[in-house]
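Peer 1: Quick one: the structure is below, and I'll ask about it shortly.
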Amino acid sequence: MDELQLKLCDIQGRLFELSAEKKYSSAAFVKAFMTSDTAKALDSEYNRMQWAGEEYLLEEVASAAGDSLTTDGELYDTDILYWIGYIYRYWHYYSGEDSARIYKQAPAETMKRNYMIFHTMDPVLAIEDLKEIHNQQ
């Protein structure tokens, strides 16, 4: 993992935190982002979105998601949201899988449920365990 990739993991973590400040339902935001063109752009080897800050990224996702982003659902703690965003981006760099595929294996509810167990683990170990949980289903 190079320095730029780790920086993008951090930006995505902060993006997920910012979604709570805007009061977006956490599960709805995570799904909207992970299946968005914005996430797809971040997945590419090089895209201008990789130089954007979390505020701009949030505007892009919110604009594209429209009414699917609601403010009437559960808000996860910002620590959980940061970890989810960070791990999802790390997972992409670790495995090469795109965001939509990662989300199918570990949706927001799975990530939230396993946060207390996995957030102190090395990201690679957490990802491997999340993949194993998915494979057991």
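Quick note: the sequence shown uses my numbering, first residue 2, plus one each step.
Backbone N, C-alpha and C define an ideal beta-carbon position, used for all residues, glycine too.
These figures come from a predicted structure and were not determined experimentally.
#1: Output the boundary residues of the alpha helix (DSSP H) element that contains residue 64.
#2: Could you check the C-alpha separation between residue 44 and residue 88 for me, to the nearest Å?
#3: Where residue 86 and residue 137 are concerned, what is the direct C-alpha to C-alpha distance, given to the nearest angstrom?
#4: Going straight from the alpha carbon of residue 81 to that of residue 57, what length do you get?
#5: Find out if the Cβ-Cβ distance for the pair residue 113, residue 20 is shorter than 9 angstroms.
#6: Using CA coordinates, which residue listed in 131, 23, 64 and 124 is at the minimum distance from residue 37?
#7: Whole angstroms are fine: how far does the CA of residue 116 sit from the CA of residue 66?
#8: Output needed for residue 71: all residues of its chain with C-beta closer than 8 angstroms, excluding positions within five of it in sequence on either side, in chain order.
#9: Is it buried or exposed, residue 97, if we count other Cβ atoms within 10 angstroms and call 16 or more buried?
#10: Span of the alpha helix (DSSP H) holding residue 14?
Peer 2: The structure says:
#1: 55-66
#2: 14 angstroms
#3: 23 angstroms
#4: 21 angstroms
#5: no
#6: 64
#7: 26 angstroms
#8: 25, 26 and 29
#9: exposed
#10: 4-22
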